[in-house]
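Quick note on my numbering: the sequence shown kicks off at -18 and runs consecutively.
Yeah, the Cβ is synthetic: ideal placement off N, Cα and C, and Gly gets one too.
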Amino acid sequence: MTNLLTIEIRFEQDVVMTRQQARQIAQALGFDSQDQTRIATAVSEIARNAFQYTRGGKIEFRVEGELPQSLVVCIRDQGPGIANLKSILDGQYKSKTGMGLGIIGTKRLMDRFHIASTPGQGTEVLMEKTLPKRAPILTAKRLAQIADELAMRGSQNPFEEIQQQNQELLRTLAELEKRQAELAQVNRELEDTNRGVVALYAELDEKAVSLQRANELKTRFLSNMSHEFRTPLNSIMSLSRLLLDRMDGELTPDQEQQVTFIRQSAEGLSELVNDLLDLAKVEAGKIVVHPNAFEVSELFATLRGMLRPLLSDNSSISLVFEEPVGFPPLCTDEGKVAQILRNFISNALKYTERGEVRIRAELDKNAVVFSVADTGIGIAPEDTERIFEEFIQVNSHLQKRVKGTGLGLPLSRKLAELLGGSVSIKSLQGVGSTFFATIPLIYRGEGDIEEVSEPDAPLQLDATRYPVLVVEDNPETLFIYEKYFAGSSYQIFPARSLKQVKQAFQMFEPRAVLLDILLEEQNTWDFLSEMKGNAATRDIPIVVITVIDNEKKARALGADAFFVKPVERLSLLEKLNTLVKQEHLQKVLIIDDDPASHYLLKQYLADFTGRSTREKCFNFKIIEATSGDEGIRHARLENPSCIFLDLVMPDMSGFEVLEQMKADPATKNIPVIINTSKLLEPEERSILVESTVAILSKENSSREEAIALVREALLLAGLVLEPGEAAHV
């Protein structure tokens, strides 16, 4: 440890001198201009605190350590100490000036920061900045020279310090302007790209519709080939083929390699779509394996090129492929193996903030064990099996940033089993995860592998919900509808063919029908016409949801509503509520002892109609209760369309109110929306999920968020959110 300089702070100008000396020391030690500014700012900020609150202090500058060496600044005072130090470090304290950012701001500027304060005895602050790697090692002789130079140089004129700070601000502003210009350029490029993609999709959609109308064969083809995936994939492969054939000029070697990777990625995804479509075939129930000979090293090279662009947004992650040595050629389906690894790697990159994702392969008798290891957030032991269930995603602090369907890992397991192998996982929360795929060297299957389908569940009508018949043969779309209507006032029953539709009508009368036009064996235009031409069924609302943008024909044949896939959840619920509910007056009961909660909910309900509460014109009749007993009484007398229920009330808890209403035949079918500020335990939430349509928190960050959540809850409860003529009570 070598002491470079000690400064006593007695007067306000000593703070300015401290900043000057800190910059001079940082410059002499080899720090660049930005780090010089950071060090000078951090030291002067703490020195100013010492002078302002204790009228004095002592500052020591010293160099510590061998390799690496560090600049250490120690600032001590003999003041009254800091009583609320923890709240300051947590960022919760604000000074009288409204700032309160000095200490935590300084902490961000230095590599290491420690503060200790004892009431009545003073405060000590230690700050440390590691010397740059490119800076020469400072010997004792050189440090002594620096100390002598600092003693001889002294401090600059305060006006020179102001000039120096102005120059730093100008440099910072210039750098910000440069980055702003770069960001604007990137935004312009993205806008151009988006316009091109929109135009391309519009052209492809138009061509797809023309093919469908040409003949029945093309109609069936479109139904099975999943319009949203096939058309853009075919376009990518065709356009990349044009580039590789030099139709518009020569390519550089790097460009040719990049376009090749794009084409290979599109081909791999196209093969995956084909397999998913095979799964969707009700009668065939088979997936075809296409074994071919390939090298693991070639597979890794292809994956490396495909997945490298995923790292462009996060330079703190390394993607490492360990070179396989001594591996015999594999004779299995290369596309399916690649898809398994792509799913593993993309998941690892999504849930890893820093570190690396490492891919390797090892021989295990007659199989290859591929492993993808990351240094990400890890997975809890209770979730390691759930992640292989379809549409399941584990909650984490990264969930809002990353997007996905929850199909990647289940598909990977299915593909591995199809090839005669298996998948597994080892994970530790906060440390990382490793996914394994064991694949036989040679695929031993004979012919096609039959896909085992689960038997249909027996028909069980829920008397508390409206039955909705869904005419759709795509399993993925049916899964989506199940998620859409989970917890709502609707119970869906799928029919994958017109034969199943007729069987369903023999067992129950649906309150509405969701109709896809393109089924595997036929289209349903004639069925739509027959439904609306039959006196017994013409009043049943029919919502057409299909890839064919032909609303005029659907409306002409009697459709009550029309959507082009994919349909948005709340739009579909809102339309169904409008078509199914015939009542003009919707009653909303609010059970809450807090007047403010009553007022806010009434304001939110007013927002849906665009009218203020003063006009007293809603399509809701609002009934208010300030206790559990009063709420139960109103529920029995008024039979409301839905109930907003608080959980914490003085006379009776919301849990007790809910239990009594669900036990009473007169009120058990009324949809209940929980609206509470109580922090729910997992067991409590599990109970409420089973008996309510939604759970809302009063702790919403904004009015817009609260209105959106209330709107979604009301739609799930089956209410119509359109202006009406009912009175407000």
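May I have the straight-line CA-CA distance separating residue i from residue j, to the nearest angstrom?
i       : j      : result
ASP520  : PHE351 : 58 Å
ARG341  : ASN347 : 17 Å
ARG(-9) : GLY38  : 7 Å
GLY468  : ARG550 : 13 Å
PHE543  : THR458 : 16 Å
THR718  : GLY286 : Absent from the model: residue 718. The displayed extent of the chain is -18 to 710, so no value can be given.
GLU693  : GLY177 : 34 Å
ASP454  : ALA476 : 7 Å
PHE302  : LEU344 : 16 Å
GLY328  : ILE655 : Correcting the residue type first, residue 328 is Asn in the shown sequence and not Gly. Between ASN328 and ILE655, the C-alpha separation is close to 35 Å.
ASP(-5) : THR111 : 26 Å
LYS464  : ILE84  : 48 Å
TRP506  : LYS533 : 12 Å
LEU495  : LEU450 : 6 Å
ILE406  : SER246 : 25 Å
HIS208  : LYS317 : Annotation note: pLDDT 44 at HIS208 (below 50); position unreliable, coordinate value reported separately. Roughly 22 Å separates the two Cα atoms.
GLU(-7) : ALA28  : 10 Å
ALA31   : ASP129 : 26 Å
CYS598  : TYR580 : Low confidence applies here, because CYS598 scores a pLDDT of 39, under 50, leaving its location unreliable; read the following figure in that light. The straight-line gap from Cα to Cα measures roughly 16 Å.
ASP16   : ALA7   : 8 Å
ALA644  : SER608 : 19 Å
VAL349  : LYS395 : 17 Å
VAL569  : LEU582 : 10 Å
PRO714  : LEU322 : This structure does not reach residue 714, given that the chain is present from -18 up to 710, and the question cannot be answered.
ALA180  : GLN481 : 39 Å
Here's a check: name, in chain order, each residue in its chain whose Cβ is nearer than 6 Å to the Cβ of residue i, leaving out the five neighbours to either side.
i        : result
LEU713   : Residue coverage of the chain in this structure runs from -18 to 710, which leaves residue 713 outside it and unanswerable.
GLY635   : LEU626, ASP627, LEU628
MET(-18) : ARG43, GLU45
ALA354   : ARG339, THR415
SER278   : PRO305
ASP443   : GLN472
SER221   : VAL240, ILE243, ARG244
VAL545   : ASP530
TYR34    : GLY60
ILE572   : ALA606, GLY612, LEU626
ALA116   : GLY11
Kindly indicate the opening and closing residues of the alpha helix (DSSP H) around residue i.
i       : result
ILE642  : The sequence given here has Met at residue 642, not Ile. 635 to 644 is the span of the alpha helix (DSSP H), which, as asked, contains MET642.
ASP507  : 506 to 514
VAL(-4) : -7 to 9
ASN558  : 550 to 561
ASP16   : 14 to 35
PHE486  : 479 to 488
Would you grab the beta carbon distance between residue i and residue j for me? Rounded to a whole angstrom, and I think it's under 8 Å.
i      : j      : result
PHE42  : LEU124 : About 11 Å separates the two Cβ atoms, so there is no contact after all.
SER470 : ALA698 : 6 Å
LEU669 : LEU554 : Going by Cβ atoms, the distance from LEU669 to LEU554 rounds to 20 Å, so no, they are not a contact pair.
LEU280 : GLU315 : 7 Å
ALA616 : MET642 : 6 Å
PRO272 : THR313 : 5 Å
SER403 : THR419 : 5 Å
VAL653 : VAL674 : 7 Å
For the beta strand (DSSP E) holding residue i, just list the boundary residues, first then last.
i        : result
ASN792   : The shown model of the chain, from -18 to 710, leaves out residue 792, and the question about it has no answer.
ASP345   : 336 to 345
MET108   : 103 to 111
GLY413   : 413 to 421
ARG692   : Looking at the DSSP string, ARG692 is not in any beta strand (DSSP E); the run it does join, the alpha helix (DSSP H), is 684 to 697.
THR(-17) : -17 to -10
GLN472   : 471 to 476
GLY307   : From DSSP, GLY307 is part of no beta strand (DSSP E); its letter is neither H nor E.
GLN320   : Counting along the chain, GLN320 falls outside any beta strand (DSSP E), though it belongs to the alpha helix (DSSP H) covering 315 to 331.
Less than 7 Å between C-beta atoms, sequence neighbours within five positions excluded: which residues of the same chain meet that for residue i?
i      : result
ALA23  : THR87, LEU90, MET91, MET108
PRO61  : PRO100, GLY101
LEU700 : ASN558, GLN567, SER622, CYS623
LYS659 : LEU628, VAL629
ILE613 : VAL638, GLN641, MET642
PHE466 : ILE473
GLU596 : Confidence is the limiting factor: at GLU596 the pLDDT is only 38, short of 50, which leaves the residue's position unreliable, though a coordinate-based value still follows. So the list is empty, once near-sequence residues are dropped.
Does any C-beta atom of chain D lie closer than 9 Å to the C-beta of residue i?
i     : result
THR35 : In the structure shown, chain D cannot be found, because there is only a single protein chain.
Take residue i and list the residues in its own chain whose beta-carbon comes closer than 8 Å to its own, dropping the five residues that flank it on each side.
i      : result
LEU560 : ALA493, PRO522, VAL524, ASP541, ALA542
LEU198 : Residue placement at LEU198 is poorly supported in this model, since its pLDDT is 44, which falls under 50; the coordinates are not used for a value here.
GLN410 : ILE358, GLY359, ILE360, ALA361
For the ligand FMN, any of its heavy atoms closer than 8 Å to the Cβ of residue i?
i      : result
SER414 : As for the ligand FMN, it is missing from this structure, which has no ligand bound.
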